[in-house]
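Per full-length UniProt numbering, residue 1 is the first one in the sequence shown, and the count goes up by one each step. Backbone N, C-alpha and C define an ideal beta-carbon position, used for all residues, glycine too. Quick notes on the structure that follows.
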Amino acid sequence: MWTSIVPEHLATHNYENWRIWMKNYLLAHGLWDVVEATAETPNPEQAEFKDWQKKNAAALYAIHVSCSLDVFLKIKEIDLASLCWNALADIKVECLPEPRPMLQSGTEGGISGGEKENVYLQFRPLCLAIENGDCKAVKEFLEECPEAVREKLTRFGNTALHLAASNGDVKLVEELVKLMKEEDLEILNNNNETALNIAAGSGILRLAECMINKNKKLACVTGTTHIPVIVACSTGHRDMTYYLYSVTPLDFLHPEVGAFGSLLLHEAIGNQFFGKKACSFHDFTTTKVGLRQRWQFVVLYTLVIVISQ
Numbered sequence: 001m002w003t004s005i006v007p008e009h010l011a012t013h014n015y016e017n018w019r020i021w022m023k024n025y026l027l028a029h030g031l032w033d034v035v036e037a038t039a040e041t042p043n044p045e046q047a048e049f050k051d052w053q054k055k056n057a058a059a060l061y062a063i064h065v066s067c068s069l070d071v072f073l074k075i076k077e078i079d080l081a082s083l084c085w086n087a088l089a090d091i092k093v094e095c096l097p098e099p100r101p102m103l104q105s106g107t108e109g110g111i112s113g114g115e116k117e118n119v120y121l122q123f124r125p126l127c128l129a130i131e132n133g134d135c136k137a138v139k140e141f142l143e144e145c146p147e148a149v150r151e152k153l154t155r156f157g158n159t160a161l162h163l164a165a166s167n168g169d170v171k172l173v174e175e176l177v178k179l180m181k182e183e184d185l186e187i188l189n190n191n192n193e194t195a196l197n198i199a200a201g202s203g204i205l206r207l208a209e210c211m212i213n214k215n216k217k218l219a220c221v222t223g224t225t226h227i228p229v230i231v232a233c234s235t236g237h238r239d240m241t242y243y244l245y246s247v248t249p250l251d252f253l254h255p256e257v258g259a260f261g262s263l264l265l266h267e268a269i270g271n272q273f274f275g276k277k278a279c280s281f282h283d284f285t286t287t288k289v290g291l292r293q294r295w296q297f298v299v300l301y302t303l304v305i306v307i308s309q
């Protein structure tokens with residue numbers, strides 16, 4: 001759900017996106033300096049204290065209202081915006097498995113902390129170029145280090161494609177997809193997300209289309225927390241949902257495969273995605289499953305029909 005500050009509240013799955021949105025907001029409102037804490041906090045007796053206090057409170061408020069309730073409860077006692085910002089990064093790390101960066105050879109391995117830092121430093125210019133939308137700099141880096149296109153560049157296990165999708169950079173995503181093998185698009189970050197999952201949550205249709213055109217299997221990659229069509233539906237992106245539904249094999253949504261079909265129908269009803277396209281979800285009922293399961297789907301299908309009239 002959109003807030004007045006960021007597109008989504010900070011939860012356990014979207015820190016990378018949230019961090020970018022939040023930093024840009026703070027920069028735009030002249031509050032980033034108190035978060036970055038480039039200077040010492042002034043004493044209450046100093047003339048600049050009141051100005052700092054006001055900016056600190058504004059930054060804290062912006063951060064607080066942009067977090068989910070669960071996250072807010074973990075940081076509510078912190079009264080410095082800089083400490084609050086750092087605490088959120090630490091909270092996110094606690095929710096993730098130990099990151100295992102990719103070596104330049106393209107294989108993961110148990111490497112020391114110092115070597116990990118060297119890997120991240122090696123790819124830092126590429127990350128900055130992606131963050132700035134500098135397509136030329138990205139291409140130049142990948143010409144020098146072609147394997148970097150499939151490496152995990154950050155502590156959160158994001159590839160270049162994950163980062164570009166997070167930025168909603170259609171041109172850069174298209175260029176990266178051209179350089180990648182089909183299986184490269186199936187790489188999961190530490191949140192068990194493919195880049196298509198991130199694109200699905202953005203609602204930018206062209207991002208998803210160019211990835212699917214490269215790898216038709218992306219819509220149902222196993223190992224992810226949610227398949228892309230559910231991500232799109234749960235975040236309220238109607239056109240993205242209908243597109244991803246059209247490229248998701250119906251067999252993958254059958255009850256005997258798992259709960260994906262019922263989860264999708266649940267999200268569609270919750271977001272009021274009704275009408276002829278949404279009603280095609282009734283195909284779930286044609287599966288050779290038990291009478292009880294089939295009846296549950298018939299009831300849900302009927303509910304969709306009734307509400308859409």
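For this session: For residue 10, write down the residues that DSSP places opposite it in a beta bridge.
Result: DSSP lists 67 as partners of residue 10.
Exercise. Can you give the Cα-Cα distance for residue 268 and residue 136, rounded to whole angstroms?
Worked result: 40 Å
Exercise. Where does residue 177 fall in DSSP's three states?
Worked result: helix
Exercise. Going along the chain, which residues of its own chain have a beta-carbon closer than 6 Å to the beta-carbon of residue 245, five neighbours each way excluded?
Worked result: For residue 245, where only same-chain residues beyond five positions count, the Cβ hits under 6 Å are 229.
Exercise. Considering only C-alpha positions, which residue in the set 160, 216, 226, 205 is nearest to residue 182?
Worked result: 216
For this session: Go to residue 141, then tell me how far its alpha helix (DSSP H) extends in each direction, as first and last residue.
Result: 135-144 is the extent of the alpha helix (DSSP H) around residue 141.
For this session: Using only alpha-carbon positions, find the residue among 255, 186, 210, 236 that is nearest to residue 170.
Result: 210
For this session: Would you give the residue range spanned by the alpha helix (DSSP H) that residue 162 belongs to?
Result: Segment 160-166, the alpha helix (DSSP H) holding residue 162.
Exercise. Who are the Cβ neighbours of residue 148 in its own chain at under 8 Å, not counting the five residues just before and after it?
Worked result: 104, 123, 126, 141, 142, 160
Exercise. What separation, rounded to the nearest whole angstrom, lies between the Cα atoms of residue 151 and residue 214?
Worked result: 18 Å
Problem set entry | Neighbour flag for residue 68 against chain D, beta carbons, 8 Å | The displayed structure is made up of one protein chain only, and chain D is not part of it.
Exercise. Is it buried or exposed for residue 35, if we count other Cβ within 10 angstroms and need 16 for buried?
Worked result: buried
Problem set entry | Distance between beta carbons of residue 172 and residue 221, contact taken as under 8 Å | Actually they do not touch by this definition, with Cβ atoms about 22 Å apart.
For this session: Starting from residue 253, follow the alpha helix (DSSP H) in both directions and report where the run begins and ends.
Result: Segment: none, residue 253 is in no alpha helix (DSSP H) and carries neither H nor E.
Exercise. Taking the alpha helix (DSSP H) that residue 210 falls in, what are its first and last residues?
Worked result: 205-214
For this session: Below 6 Å CB to CB, which residues in the same chain sit around residue 13 once its five sequence neighbours on both sides are set aside?
Result: 191
Exercise. So is residue 29 buried or exposed if we call it buried at 16+ other beta carbons inside 10 Å?
Worked result: The residue in question, residue 29, is exposed, as its Cβ has fewer than 16 Cβ neighbours within 10 Å.
For this session: Count the other C-beta atoms from every protein chain shown that fall within 10 angstroms of the C-beta of residue 55, then say buried if there are 16 or more, exposed otherwise.
Result: buried
For this session: Please list, in chain order, all residues of the same chain as residue 153 whose beta carbon is under 6 Å from its beta carbon, the five residues on each side excluded.
Result: Sequence-distant partners of residue 153 (beyond 5 residues in either direction) whose C-beta falls short of 6 Å from its own C-beta, in its chain, are 123, 127.
Exercise. Per DSSP, what kind of secondary structure is residue 29 in: helix, strand or coil?
Worked result: coil
For this session: Can you grab the Cα-Cα spacing for the pair residue 17 / residue 8, in whole Å?
Result: 9 Å
Exercise. Do you know offhand how far residue 133's Cα is from residue 62's?
Worked result: 26 Å
Exercise. How long is the line joining the alpha carbons of residue 86 and residue 25, rounded to whole angstroms?
Worked result: Taking the straight line joining both Cα atoms gives about 17 Å.
For this session: Starting from residue 233, trace the alpha helix (DSSP H) both ways and give me its first and last residue.
Result: Element bounds for residue 233: 228-234.
Exercise. Between residue 68 and residue 10, is the Cβ-Cβ spacing less than 8 Å?
Worked result: Yes, Cβ-Cβ distance for residue 68 and residue 10 is below 8 Å.
For this session: Use the C-beta contact count for residue 184: other C-beta atoms within 10 angstroms, 16 or more gives buried, fewer gives exposed.
Result: buried
Problem set entry | Nearest candidate by alpha-carbon position, reference residue 157, set 193, 197, 48 | For residue 157, the nearest C-alpha among the options comes from 193.
Problem set entry | residue 201: first and last residue of the uninterrupted alpha helix (DSSP H) it sits in | Taken as a continuous stretch (DSSP letters only), the alpha helix (DSSP H) holding residue 201 covers 195-202.
Exercise. So, helix, strand or coil for residue 188, using DSSP?
Worked result: coil
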